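> Have a look at this one.
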């Protein structure tokens with residue numbers, strides 16, 4: 233382990249110890265993490281480089297819509313000062329697949345139940361997934377650990393074909409009507425789940 237990684241792991245561990253004393257919500261913990269970083273920077277309890285590295289990871293996580301920054305601090309501790317590269321993982325492939333759908337005119341939304349309730353189901357070619365399902369279906373290194381339920385409106389055949397290009401299998405096809413529109417409930421899975 234490099235000296236930089238060791239310093240980052242030490243700082244991340246101190247941060248975790250600080251926030252573990254609070255039984256706060258994820259939003260409040262995020263505030264505690266920021267407070268700890270400011271304090272550590274001001275008091276110089278850890279190297280400025282290790283604090284900058286942690287801040288960079290947290291900034292990237294915020295841009296990626298990670299709501300609980302404590303999970304990033306945990307990853308830094310578990311990864312011994314670095315976060316494992318998930319490029320090429322099933323989670324990364326999901327992002328690439330979603331981007332491809334978007335370029336083809338699909339609306340892809342990963343959000344909350346509230347987002348689903350506000351969604352215009354009359355928009356053609358829509359794919360919706362619950363953020364909590366994505367978090368449950370993929371491990372810390374981006375591996376798929378269970379099938380991901382998705383709600384698809386529109387051209388299901390095209391959706392299946394494009395998913396196949398990313399080595400995803402689309403299982404099941406229950407459907408229900410919402411405001412007169414057929415919504416297909418599909419399971420997105422991969423060989424990591426099926427063992428093929």
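Numbering (our numbering), first residue to last: 233 to 428. Positions of the beta carbon are idealized from the N, C-alpha and C atoms, including for glycine. Computed from a predicted structure; not experimentally measured.
Is the beta carbon of residue 283 closer than 8 Å to that of residue 265?
As a first step, residue 265 must be located in the chain shown, where it is residue number 33. As a first step, residue 283 must be located in the chain shown, where it is residue number 51. No, the pair does not count as a contact, with Cβ atoms beyond the cut-off.
> Would you say residue 309 touches the ligand SAH, meaning its beta carbon is less than 7 Å from a heavy atom?
This structure does not include the ligand SAH; it has no bound ligands of any sort.
> Please return the same chain residues whose Cβ sits closer than 6 Å to the Cβ of residue 246, not counting the five positions on each side in sequence.
Here residue 246 refers to the residue found at position 14 of the chain shown. Nothing listed; no residue qualifies.
> Taking 7 Å as the limit between beta carbons, can you name the residues of its chain near residue 293, skipping five residues before and five after?
The residue you call residue 293 lines up with position 61 of the chain shown. Result list for residue 293: 301 and 304, in chain order.
> According to the Cβ coordinates, are residue 340 and residue 333 closer than 8 Å?
Stepping through the chain shown from its first residue, residue 340 is reached at position 108. Stepping through the chain shown from its first residue, residue 333 is reached at position 101. Yes, these two residues count as a Cβ contact at 8 Å.
> Considering only the beta carbon of each residue, do residue 402 and residue 380 sit closer than 8 Å?
Here the question's residue 402 lines up with position 170 in the chain shown. Here the question's residue 380 lines up with position 148 in the chain shown. Their beta carbons are not under 8 Å apart, which means residue 402 does not touch residue 380 by this criterion.
> Inspect the beta-carbon positions of residue 417 and residue 383 and report whether they are closer than 8 Å.
For the purposes of this step, residue 417 is identified with residue 185 of the chain shown, where counting begins at 1. For the purposes of this step, residue 383 is identified with residue 151 of the chain shown, where counting begins at 1. Yes.
> Among 389, 412 and 410, which one has its Cα closest to the Cα of residue 404?
For this step, residue 404 is matched to residue 172 along the chain shown. Of the candidates 389, 412 and 410, the one whose C-alpha sits nearest the C-alpha of residue 404 is 389.
> Let me confirm a value: residue 249 is counted as buried when at least 16 other C-beta atoms fall within 10 Å, else exposed. Which label applies?
The residue labelled residue 249 in the question sits at position 17 within the chain shown. It is exposed - the Cβ of residue 249 has fewer than 16 other Cβ atoms within 10 Å.
> Measure the alpha-carbon distance for residue 426 versus residue 376 and round it to whole angstroms.
The count along the chain shown starts at 1 and reaches residue 426 at position 194. The count along the chain shown starts at 1 and reaches residue 376 at position 144. Per-residue confidence for residue 426 stands at a pLDDT of 46, beneath the threshold of 50, marking its modelled position as unreliable; no derived number is given.
> Measuring CB to CB, does residue 241 end up less than 8 Å from residue 312?
Your numbering for residue 241 matches position 9 in the chain shown. Your numbering for residue 312 matches position 80 in the chain shown. Yes, the Cβ-Cβ distance between residue 241 and residue 312 is below 8 Å.
> State the Cα-Cα distance for the pair residue 385 and residue 353, rounded to the nearest angstrom.
Residue numbering aside, residue 385 sits at position 153 when the chain shown is read from its first letter. Residue numbering aside, residue 353 sits at position 121 when the chain shown is read from its first letter. In a straight line, the C-alpha of residue 385 is about 7 Å away from that of residue 353.
> For residue 262, which residues in the same chain have their Cβ closer than 6 Å to its Cβ, ignoring the five residues on either side in sequence?
What you label residue 262 is simply residue 30 of the chain shown in a count that begins at 1. Hits under 6 Å: 301.
> Where do the N-terminal and C-terminal ends of the beta strand (DSSP E) with residue 401 fall, by residue?
Taking the chain shown and counting its residues from 1, one reaches residue 401 at position 169. From DSSP, the beta strand (DSSP E) with residue 401 extends over 401 to 410.
> Report buried or exposed for residue 368, applying the criterion of at least 16 other Cβ atoms within 10 angstroms of its Cβ.
Here the question's residue 368 lines up with position 136 in the chain shown. Residue 368 is exposed by the Cβ-count criterion.
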